[in-house]
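Residue numbers (the working numbering): 2 to 178.
Here's the structure we're looking at; comments come further down.
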């Protein structure tokens, strides 16, 4: 089960809107959707979670490039929504590498099996670079909004509610849940 919402910071505080991202195909499309949420160039956060498996935060400040944080890249790689966020740049790959997410050999290690049995101690599966287990992206994405890098990395269950609470936006987020 997925949940996605937009939080837009306005003069009057945070405004939340439930968002449908099934038709979003690229990070650029997602950023455009977020920018449409506010007439000004205010900060917009796209919050995405898959139950208690992983969560992602995309921050758009006006026309700047989106900033991204994903709590568990390997878990997100198995999700169509996660694939939106896991760009080559975020994963430290050269754009255009043949090692895209579709070519990954998900051989069972994603279910907690011993990585050593599936391709070596580095987790490589033989089809190219593996998507790292654990967080990727800009962990300082919410520092100026009251969620430190350390706090963000420690979130797990109900992470989006904890983020919204720290932003003072828990009530508006709950209205769209």
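The beta-carbon is built from N, C-alpha and C at its ideal position, and this holds for glycine as well.
Measuring C-alpha to C-alpha distances from residue 137 to each of 6, 2, 153 and 53 identifies 153 as the nearest. Annotated three-state conformation of residue 47 is strand, per DSSP. DSSP, read as helix, strand or coil, puts residue 9 in strand.
In terms of Cα proximity to residue 83, the closest of 38, 27 and 170 is 27.
Distance from the Cα of residue 70 is smallest, within the candidate group 172, 13, 164 and 169, for 164. Residue 141 counts as exposed, since fewer than 16 other beta carbons sit within 10 angstroms of its beta carbon. When the alpha-carbon of residue 65 is set against those of 87, 23 and 44, the nearest one is in 44.
Shown here for residue 40: not one same chain residue has a beta carbon closer than 7 Å to its own, the five before and five after excluded. In the DSSP annotation of this structure, the continuous segment of the alpha helix (DSSP H) that includes residue 84 starts and ends at 81-86. In this structure, the beta-carbon distance from residue 9 to residue 16 falls below 8 Å. Looking at the DSSP output, residue 58 shares a beta bridge with 48 and 70. With contacts defined by Cβ atoms closer than 8 Å, residue 85 and residue 25 form a contacting pair. Here residue 72 is buried, its C-beta having at least 16 other C-beta atoms within 10 Å.
For residue 16, the three-state secondary structure derived from DSSP is strand. DSSP places residue 159 in the strand class (E or B) of the three-state scheme.
Residue 177 sits in a helix when the DSSP states are folded into three classes.
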